[in-house]
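Read through the structure below, which is laid out as structure tokens, and then see the notes.
Number of protein chains: 2
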Amino acid sequence: MSTQSVVTAVRVIEAVSESQPVGLSDLARTLDASKATVLRVLNTLAELRWVQQSELAKLWSLTPHAYAVAVRSGPMSSLRDIAIGHMNTLQLATTETVHLAIPDGDILILAERLDTPHVLRAFLPLGSKIPLHASATGIAFLAASEDSFIAEYLASALDSVTERTLTDRDVLLAEISAVRARGYSINEEGLSSGITSLGAAILGPGGDPLGSVSVSGPSSRIVPERYTEYGQAVHAAARSIGRSAAQAGTRL
Amino acid sequence: MSTQSVVTAVRVIEAVSESQPVGLSDLARTLDASKATVLRVLNTLAELRWVQQSELAKLWSLTPHAYAVAVRSGPMSSLRDIAIGHMNTLQLATTETVHLAIPDGDILILAERLDTPHVLRAFLPLGSKIPLHASATGIAFLAASEDSFIAEYLASALDSVTERTLTDRDVLLAEISAVRARGYSINEEGLSSGITSLGAAILGPGGDPLGSVSVSGPSSRIVPERYTEYGQAVHAAARSIGRSAAQAGTRL
DNA sequence: CCACATCGGTTCGCTAGTTGAACCGCTGGT
DNA sequence: ACCAGCGGTTCAACTAGCGAACCGATGTGG
Chain E
1 MSTQSVVTAV RVIEAVSESQ PVGLSDLART LDASKATVLR VLNTLAELRW VQQSELAKLW
61 SLTPHAYAVA VRSGPMSSLR DIAIGHMNTL QLATTETVHL AIPDGDILIL AERLDTPHVL
121 RAFLPLGSKI PLHASATGIA FLAASEDSFI AEYLASALDS VTERTLTDRD VLLAEISAVR
181 ARGYSINEEG LSSGITSLGA AILGPGGDPL GSVSVSGPSS RIVPERYTEY GQAVHAAARS
241 IGRSAAQAGT RL
Chain X
1 MSTQSVVTAV RVIEAVSESQ PVGLSDLART LDASKATVLR VLNTLAELRW VQQSELAKLW
61 SLTPHAYAVA VRSGPMSSLR DIAIGHMNTL QLATTETVHL AIPDGDILIL AERLDTPHVL
121 RAFLPLGSKI PLHASATGIA FLAASEDSFI AEYLASALDS VTERTLTDRD VLLAEISAVR
181 ARGYSINEEG LSSGITSLGA AILGPGGDPL GSVSVSGPSS RIVPERYTEY GQAVHAAARS
241 IGRSAAQAGT RL
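So the protein sequences, as listed, match chains E and X.
The first sequence maps to residues 1 to 252 in UniProt numbering.
The second sequence maps to residues 1 to 252 in UniProt numbering.
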């Protein structure tokens, strides 16, 4: 409707972000805008230190400055700062990769990750968008949400990410009940083949989910015999984070 | 010079980022712009999912979506993904907080942090801007830089952060020589009182510094008797990261 | 209990910022 | 030697952004 040069600017930023070092003509094509427009925006963003151009190839990318600005994103930074200590404890206890995911609309965004020294490990870049029905964090988040939210989410398309993603609404609802009884979710290779995860939601003061934590690793190490132990560890970590957040008086 | 609505948009984003949940009039005042302008930009950014308004207080903040876009910032994400495993090893070896900092102009930006389970620990939020002369990471970075860069940096003002920050150019130059001989830097309470850090630069294929890693903790635990051990561990970690980065073919 | 200050948000006429087609010189592939 | 693609520039047409003035709601001190 309006302020369309702002729209252009943000679209440029997002387009640059998606295909990291990228050329001018490429950008103009994906944005369906004239090169002049895109270049002018890029130059302005460069002056503001949001993008930079490699001298050799003349390709554009985002700067660390852009990261520094956006990393303070409201709910994220506070919850992440609180969660990190507890995640570390969880990581030491399980020796597997620990993830913290935070909601953004009807997806989760990977906000923090603690890696393991194992050669074989789960890998997902920070900032990844994670569908609610395809991950341990997502299912744990759903299970902690109100029924109206779940119903609304189930009304949208449930795409498969792997061949083992839960896409059947009834199966998913049954799993949600199980998670509510158990306290943690289990996702066997529904997000990446070969990776099994256990997740639990972090609850705010009102019982509303603020995000979730999970433990992930190759299915060869995260075997059913360990589900109870790891699941309880994840659940305990999520509870500790929730308690710390309440003390810190986190606001949404 | 031009495209000033883009400038306004970015300034709004940065202003929101700085004072997290913030009201309209506040923003207009700090930006020295009319409320109408600021509101129009905010509404546009809200449509693009970069900002959101809390329903109760009508205060604005950045969304996780903004984080997800900017976290892929070129040099950062690739180097961070490579570094994390090595940082974890370093953290297990020292049991202290491990930092990864990446250059942005003449400062460093804190790109990643691994916390410790210790109650007493170093704390710096992600995205913090770190002056080169006031931190272990920064001095290590300077020591690995070309002399022309160092001279240029020394020409600017060296502000004190704490009362123990090195602000004397000669002392700093002497320290840089020491770091070059030693392989790692030592910073005793120059960035935060009570915190001592040891740092080392990560070198690219051409010997140019890509960033630095450091180990930080309370001066009561990081005592001179441990400098050699921790320093060598940091140096080794930085070398490993540099080697992995070269293999991965990281581009600036 | 009433002014008064300040909040978030809206209106509207003027003007300046934004736009894209056409163009430039350069480089790499055939 | 050619041509297609690149990054970047120009300029006149015009549309989109600007801010002073204004609105009702909220709340606060006398």
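All C-beta atoms in this analysis are idealised placements derived from N, C-alpha and C, irrespective of residue type, glycine included.
Remember, predicted model here, so these are calculated numbers, not experimental data.
Residues of chain X with CB under 7 angstroms from residue i, in chain order?
i, result
"G199 (chain E)", "Here the premise fails: no neighbours, minimum Cβ distance about 17 angstroms."
"S156 (chain E)", "What S156 (chain E) touches in chain X: nothing, since even the nearest Cβ is about 17 angstroms away."
"T3 (chain E)", "S5, R40, V41 and T44"
How would you write the range of the beta strand (DSSP E) that residue i sits in, first residue to last?
i, result
"E112 (chain X)", "I107 to L114"
"A200 (chain X)", "I195 to L203"
"P64 (chain X)", "No beta strand (DSSP E) holds P64 (chain X); the alpha helix (DSSP H) holding it covers P64 to A70."
"V51 (chain X)", "V51 to Q53"
"I222 (chain E)", "Looking at the DSSP string, I222 (chain E) is not in any beta strand (DSSP E), and its letter there is neither H nor E."
"P131 (chain X)", "K129 to P131"
Which residues in chain E have a C-beta closer than 7 angstroms to the C-beta of residue i? List them in chain order.
i, result
"P125 (chain X)", "S77 and D81"
In this structure, does DSSP put residue i in helix, strand or coil?
i, result
"H99 (chain X)", "strand"
"A238 (chain E)", "helix"
"S34 (chain E)", "coil"
"M1 (chain X)", "Any reading at M1 (chain X) needs caution, since the residue's pLDDT is 47, under 50, leaving its predicted position unreliable; the model's value is listed next. Correct three-state label for M1 (chain X): coil."
"S212 (chain E)", "strand"
"E188 (chain X)", "strand"
"V22 (chain X)", "strand"
"S17 (chain E)", "helix"
"residue 308 (chain X)", "Nothing in the structure corresponds to residue 308 (chain X), since chain X is present only between 1 and 252."
"D104 (chain E)", "strand"
"S160 (chain E)", "coil"
"R251 (chain X)", "For R251 (chain X), the predicted model reports a pLDDT of 44, less than 50, meaning its position is unreliable; a value from the coordinates is still stated below. Coil at R251 (chain X), not helix or strand."
"G217 (chain E)", "strand"
"S244 (chain E)", "helix"
"V10 (chain E)", "helix"
"L48 (chain X)", "coil"
"L124 (chain E)", "coil"
"L90 (chain X)", "helix"
What does residue i reach in chain X if we use C-beta pairs closer than 8 angstroms?
i, result
"V98 (chain E)", "Those within 8 angstroms of V98 (chain E) in chain X number zero; the least Cβ separation is about 11 angstroms."
"K129 (chain E)", "A68"
"I102 (chain E)", "P64"
"S84 (chain E)", "According to the sequence shown, residue 84 (chain E) is Ile rather than Ser. Those within 8 angstroms of I84 (chain E) in chain X are R113 and D115."
Sorry if obvious, but does the Cβ on residue i come closer than 7 angstroms to a heavy atom of the ligand SAM?
i, result
"V7 (chain X)", "For the ligand SAM, the structure offers nothing, since it holds no ligand at all."
Could you work out which residues of chain E lie near residue i, taking near to mean beta carbons separated by less than 8 angstroms?
i, result
"I109 (chain X)", "P64, H65, Y67 and A68"
"R72 (chain X)", "S17, E18, Q20, L62, P125 and G127"
Could you give the first and the last residue of the continuous alpha helix (DSSP H) run that contains residue i?
i, result
"S135 (chain X)", "Unbroken run through S135 (chain X): none, as it is neither H nor E."
"D170 (chain X)", "R169 to R182"
"L154 (chain E)", "D147 to A155"
Who are the neighbours of residue i on chain E, taking C-beta pairs under 9 angstroms?
i, result
"L48 (chain X)", "V6, V7, V10, R11 and E14"
"G204 (chain X)", "The contacting residues do not exist; G204 (chain X) stays about 13 angstroms from chain E at best."
- Task: Residues of the region 137 to 154 of chain E with a CB closer than 9 angstroms to any CB of chain X: list them in chain order, please.
- Result: Result list empty, no residue passes.
- Selection of the region 11 to 41 of chain X by Cβ proximity to chain E, strictly under 7 angstroms: I13, E14, S17, Q20, P21, R40 and V41
- Item | Near-chain X residues of the region 211 to 227 of chain E (beta-carbon distance less than 8 angstroms), N- to C-terminal order | none
- Task: Say whether the region 3 to 23 of chain X touches the region 38 to 54 of chain X, bearing in mind that this needs 3 or more beta-carbon pairs closer than 8 angstroms, one atom from each stretch.
- Result: yes
- Answer yes if the region 73 to 86 of chain X comes into contact with the region 94 to 112 of chain E, meaning at least three C-beta pairs across the two stretches below 8 angstroms, and no otherwise. no
- Message: Measuring CB atoms only, is the region 64 to 81 of chain E touching the region 30 to 37 of chain E, in the sense that at least three cross pairs come out at less than 8 angstroms?
- Response: no
- Query: Do three or more CB pairs link the region 162 to 177 of chain X to the region 210 to 230 of chain X at distances below 8 angstroms?
  - Reply: no
- Item | Residues of the region 168 to 193 of chain E with Cβ closer than 9 angstroms to any Cβ of chain X, in chain order | none
- Message: Check whether the region 126 to 142 of chain X and the region 180 to 191 of chain X touch, using three or more Cβ-Cβ pairs below 8 angstroms as the test.
- Response: yes
- Mind the definition here: the region 205 to 223 of chain E touches the region 152 to 163 of chain E only if three or more C-beta pairs lie below 8 angstroms; say whether that holds. no
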